[in-house]
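This report refers to the structure that appears directly beneath it.
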Amino acid sequence: MNAMKIFILLLSAVLAAGCATVPGTAAKNRVVIQVSDNDPARWNLALNNARNLQADLGAANVEIEIVAYGPGLNMVKTGSAVSNRIDEAVLGGTNIVACENTMANQKVAKEQILPGVNYVGAGVVEIMRRQQQGWSYLRP
Amino acid sequence: MNAMKIFILLLSAVLAAGCATVPGTAAKNRVVIQVSDNDPARWNLALNNARNLQADLGAANVEIEIVAYGPGLNMVKTGSAVSNRIDEAVLGGTNIVACENTMANQKVAKEQILPGVNYVGAGVVEIMRRQQQGWSYLRP
Amino acid sequence: MNAMKIFILLLSAVLAAGCATVPGTAAKNRVVIQVSDNDPARWNLALNNARNLQADLGAANVEIEIVAYGPGLNMVKTGSAVSNRIDEAVLGGTNIVACENTMANQKVAKEQILPGVNYVGAGVVEIMRRQQQGWSYLRP
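Protein chains in written order, with this note's numbering: chain Y, 1 to 140; chain G, 1 to 140; chain E, 1 to 140.
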């Protein structure tokens with residue numbers, strides 16, 4: 001019976017450390033939203049989707065990241081048609097990130113990116129990584 | 001050896017209950033299809049995709065849910081350009097759901113939604129939940 | 001203590017075979033890219049996305065599959081506006097596949113498909129399967 005006790009302890013520990021952290025089984029709400037179009041209507045949809053996720057789940061219960069890359073980079077540039085809404089989203093806890101690869105290709109400097117926006121090396125890699133980490137994907 | 005027998009039984013039970021139900025490892029075919037554009041061509045693509053999944057896998061072997069929200073809500077309103085095809089899809093076992101958030105925003109009542117269509121509180125939350133449950137995502 | 005040794009061996013084997021291969025926990029980089037629009041601008045985006053994934057991660061460290069189906073089939077037909085880039089992508093290790101269902105519907109023969117392109121029975125099923133296998137999804 002001593003062996004059994006050790007076994008049960010070990011098994012519990014292994015399962016807690018291993019299987020229990022399988023992506024998707026945890027009830028964590030995490031959504032990565034892709035913005036790759038140069039289209040203000042679609043930018044507004046992305047921001048609406050983020051807002052509705054927060055409204056429905058409670059802002060504290062969902063992590064949202066909007067990845068702007070390729071032709072979608074314009075969404076996060078100063079003078080963007082949705083710059084006010086981006087300020088609001090950032091203040092509301094949505095993480096908005098710009099793709100540095102796209103910035104280099106389009107010769108856009110950080111000074112031309114709205115304040116509050118964060119950076120990732122490559123937008124497509126970020127979107128892949130988030131899915132690998134168990135985030136849901138949304139393309140408005 | 002008695003301890004070993006108990007161990008094997010316990011281990012089997014734990015693995016059957018836990019690890020064996022990990023999303024993605026089961027061969028269950030489940031696809032959530034997003035419709036968020038006000039574009040009949042895209043509605044037809046979504047319905048084609050659903051039909052092709054059923055034709056290829058057998059309707060009994062795949063669960064399909066089409067989520068109409070935002071500008072895509074028009075797909076499931078009475079008078080929709082694809083209302084006949086929606087009837088067929090519903091009869092064929094595809095679950096088509098309308099977003100109640102969008103209905104409230106657009107002041108659309110249930111009487112204006114095609115019969116056979118089901119409802120979800122928030123389309124974006126539904127799409128996230130389905131992915132959390134291991135469903136594949138498709139945006140036509 | 002003998003039982004414990006056997007237990008630990010068994011447990012290790014079971015966990016190595018089972019839980020350790022859960023999709024998403026492995027650091028394997030695999031991305032399925034959907035091309036379902038008849039739009040050369042979007043074809044170029046898909047090819048850019050594939051190239052940027054390889055540039056950032058190293059071509060040896062990421063598996064990429066582009067699935068052309070529905071109105072997107074034109075991307076991989078002879079005379080496609082991006083035929084040169086498709087040659088380059090194939091040579092660079094990206095797997096580009098055409099949907100045979102779409103080919104049948106559009107009466108397109110294999111002679112009309114660019115060399116180097118592979119085939120799948122149904123594009124939508126392929127996209128579902130890849131996600132079931134833990135691949136990330138990208139729709140440019």
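Quick reminder that beta carbons are idealized off the backbone N, C-alpha and C, glycines included.
Computed from a predicted model, the values in this text were never measured in an experiment.
- Taking all protein chains in view, the Cβ of G/A55 is surrounded by fewer than 16 other Cβ atoms within 10 Å, so the residue is classified as exposed.
- Measuring C-alpha to C-alpha distances from E/R42 to each of Y/N44, Y/Q133, Y/S36 and Y/P40 identifies Y/S36 as the nearest.
- Against chain G, the beta carbon of E/N101 has neighbours under 9 angstroms at N52, A55 and D56, listed in chain order.
- Here Y/P140 is buried, its C-beta having at least 16 other C-beta atoms within 10 Å.
- Secondary structure in the stretch 38-104 of chain E: the alpha helix (DSSP H) runs of 4 residues or longer, each lying completely within the stretch, are 40-57 and 83-91 in chain order.
- The beta-carbon of E/I64 is placed no less than 9 angstroms from the nearest beta-carbon of chain G.
- The residue among Y/I64, Y/Q112 and Y/L57 with its C-alpha nearest the C-alpha of Y/E100 is Y/Q112.
- G/V124: member of the alpha helix (DSSP H) spanning G123 to Q132, first to last residue.
- When C-beta distances to chain G are compared with 9 angstroms, the residues of the stretch 126-140 of chain E below that value are I127, M128, R129, R130, Q131, Q132, Q133, G134, Y137 and R139, in chain order.
- Going by DSSP, E/S136 is part of the beta strand (DSSP E) stretching over S136 to L138.
- Around the beta carbon of G/Q133, fewer than 16 other beta carbons lie within 10 angstroms, which makes this residue exposed.
- Under the 10 Å beta carbon count, E/L53 is surrounded by 16 or more other beta carbons and is classified as buried.
- If you draw a 10 Å sphere on the C-beta of G/Y69, you find 16 or more other C-beta atoms in it, and that means buried.
- DSSP, reduced to helix, strand and coil, places G/Q112 within a helical segment of the structure shown.
- Not a single C-beta of chain E is nearer than 9 angstroms to the C-beta of G/V117.
- Residue nearest to Y/M103 within the set Y/D87, Y/N118, Y/N95 and Y/G93 is Y/N118 (criterion: CA-CA distance).
- Y/G123 is not a Cβ neighbour of Y/V90, given a cutoff of 9 angstroms.
- Nearest CB-CB separation between Y/V124 and chain E: below the 9 angstroms threshold.
- Residue environment for E/A46: buried (at least 16 other C-beta atoms within 10 angstroms of its C-beta).
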